Structures are given as structure tokens and as C-alpha cells.
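*Asks:*
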Amino acid sequence: MVAGSTVCLTVADGAGSKPQAARGSRLAVDTVQKLAFNQPTCAPDVWLHEVFGEVHRELDREANGDGLPRQHFAATLAIAVLIGDQLAIGQVGDTVVVVGGPAGYTTIDPAGHGEYANETDFITHSDWAARLRMTVCPAEAVDAIFLSTDGLRYKILDDLTAAKPYEPFFTDLAEFARTDGSDNAAIERFLSTVDDQTGDDKTLVVAVRT
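Letter 105 of the sequence shown, counting from 1, is numbered 105 in UniProt numbering, and no numbers are missing.
1. Between Phe169, Leu157, Tyr166, Val208, which has its C-alpha nearest Thr179's C-alpha?
2. Which of the three DSSP states, helix, strand or coil, is assigned to Tyr105?
3. Under 8 Å between C-beta atoms, does His72 make it to chain C?
4. Identify the continuous alpha helix (DSSP H) that holds Ser182 and give its terminal residues.
5. Look at Val32 and Val99 and say whether their C-beta atoms are less than 8 Å apart.
6. Measure the CB-CB distance between His49 and Trp128 and report whether it falls below 8 Å.
7. How many angstroms separate the CA atom of Ile108 from the CA atom of Leu173?
8. For the structure I just gave you, are there three or more beta carbon pairs, one from the stretch 86-96 and one from the stretch 140-156, closer than 8 Å?
9. Is the distance from the Cβ of Arg26 to the Cβ of Gly90 below 8 Å?
10. Just verifying my parser: in three-state terms, what is the DSSP assignment at Lys34?
11. Tell me residue 215's beta-bridge partners as DSSP assigns them.
12. What do you reckon, are the CB atoms on Thr124 and Phe73 nearer than 8 Å?
What follows is the structure, given as C-alpha cells:
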């Protein structure tokens with residue numbers, strides 16, 4: 001979303017094994033958008049930390065209101081916020097964030113590998129702050145930002161171990177996003193044709209400079 005001089009992108013993915021995961025991921029995104037609409041006045045990394053904390057608290061309130069464990073609402077969460085000349089990116093869980101610029105495409109602070117396959121972190125964890133990965137960089141070096149859930153990892157990463165982006169995918173998608181015919185529906189149609197071999201949900205957020 002764009003609010004004044006602030007640009008905020010977010011993606012969340014509910015844990016497939018948790019009964020309220022869809023509600024958790026939707027509530028996480030809605031909370032971020034609500035807070036971004038008020039236009040942050042502090043440094044972007046400070047704002048991001050506050051937002052992740054508020055998402056955690058909002059999920060806790062939702063769970064308490066239903067008399068359910070907070071982990072029933074488990075979700076991963078990635079947020080990218082552009083404030084002034086700084087871009088800050090925060091992630092909890094196995095999200096994938098790639099930025100592009102004159103130097104090419106780079107995966108930002110990829111998630112580590114757990115002991116078990118599909119093991120990841122969630123914003124509902126009590127120690128979410130210790131699991132938060134934060135990156136701040138000059139905005140002028142970034143022409144495109146991509147936020148994805150892990151359901152697309154086999155298509156968008158050329159090397160899973162090193163989390164290296166598959167650059168042709170991002171080059172083509174950035175060019176498409178800059179055309180007059182690009183819109184949300186077109187991206188959704190594209191994603192519906194992609195078989196990522198994971199069986200997981202596929203969510204992709206794209207923002208480019210025009």
C-alpha cells in the first residue's frame with residue numbers, strides 16, 4: 001500500500017497444520033496495512049519492530065477472544081517499508097524477499113534451515129523478536145521489490161541452499177509489472193499456472209519503480 005510518502009508491502013502465510021492459520025495470516029496483513037496507513041514518523045527499522053510486536057499482540061488478542069491457543073493462528077510474515085531514502089525489510093519465518101537494482105537481484109536475509117523439513121518460525125511465537133530478521137539499505141539502490149511465501153521457492157530461487165534468486169524470473173516479472181497491462185488479476189492468473197512442487201500456497205507481491 002502507499003500512504004503519503006510511505007510505501008509498505010507485506011505478505012503472510014498461515015501454517016497449514018494450524019486450524020486458524022488463514023485467519024492468522026489475514027489478520028497479520030490487515031494489521032500491518034492499518035498501521036502503515038497512519039504513516040510512520042520514526043526510522044523504518046524502529047517502526048518495523050513496533051509493527052511486528054503489534055501483529056503478535058493482535059493475534060494474541062484474537063486467540064484469547066476465541067479461547068484458543070495463540071499457535072492456532074500461526075503465520076509467517078514479511079514486511080518491506082520505504083520511508084524517505086531508507087528501505088527496511090523484516091521477516092519472521094520462511095518468506096522470500098528479493099530486491100533488484102543496477103547490481104542485479106539479491107535475496108534479503110533468507111531463512112535458515114531447521115532440523116526438519118518445512119520447519120520454520122511464526123510471528124505467534126512468544127520469542128518472535130529473537131526470530132525477527134531485519135535489513136536496512138538505501139532505497140536509491142533498489143528498483144524492484146518482491147515478497148513471496150515459500151510456496152514459490154522452487155521457481156524463484158536458482159540455488160535453494162544459497163537462496164540465490166533465479167534472475168530471469170525476476171527480470172521478466174519486473175518488466176511485465178511496468179507494462180500498461182499489468183494488474184493484480186494478471187499476476188494471479190500467472191501464479192495459477194505455476195506448479196512449484198511444494199503443495200503450499202503461492203503468494204507474490206511485486207513493486208517496481210516506473
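Think of the CB as a built atom: it goes at the ideal place given N, C-alpha and C, for glycine as much as any other residue. Remember, predicted model here, so these are calculated numbers, not experimental data.
*Replies:* Let's see:
1. Residue numbering aside, residue 179 sits at position 179 when the sequence shown is read from its first letter. Just measuring C-alpha positions, the residue of Phe169, Leu157, Tyr166, Val208 sitting nearest Thr179 is Val208.
2. Residue 105 sits at position 105 when you count from the first residue of the sequence shown. Strand at Tyr105.
3. Given the protein chain composition of this structure (a single chain), no chain C is represented.
4. Position 182 of the sequence shown, counting from 1, holds the residue named residue 182. Where Ser182 is concerned, there is no enclosing alpha helix (DSSP H), given that its DSSP letter is neither H nor E.
5. To locate residue 32, count along the sequence shown from 1; it is residue 32. To locate residue 99, count along the sequence shown from 1; it is residue 99. For Val32 and Val99, no; Cβs fall outside 8 Å.
6. For this step, residue 49 is matched to residue 49 along the sequence shown. For this step, residue 128 is matched to residue 128 along the sequence shown. Contact flag unset, no.
7. For this step, residue 108 is matched to residue 108 along the sequence shown. For this step, residue 173 is matched to residue 173 along the sequence shown. Going from the Cα of Ile108 to the Cα of Leu173 covers about 18 Å.
8. yes
9. Stepping through the sequence shown from its first residue, residue 26 is reached at position 26. Stepping through the sequence shown from its first residue, residue 90 is reached at position 90. Against a cut-off of 8 Å, the Cβ pair of Gly90 and Arg26 comes out as no contact.
10. Here the question's residue 34 lines up with position 34 in the sequence shown. The answer is helix: DSSP assigns Lys34 an H, G or I state.
11. Since the first residue of the chain shown is 1 and the last is 210, residue 215 is not available in this structure.
12. As a working note, residue 124 is residue 124 in the sequence shown. As a working note, residue 73 is residue 73 in the sequence shown. The answer is yes: Cβ separation under 8 Å.
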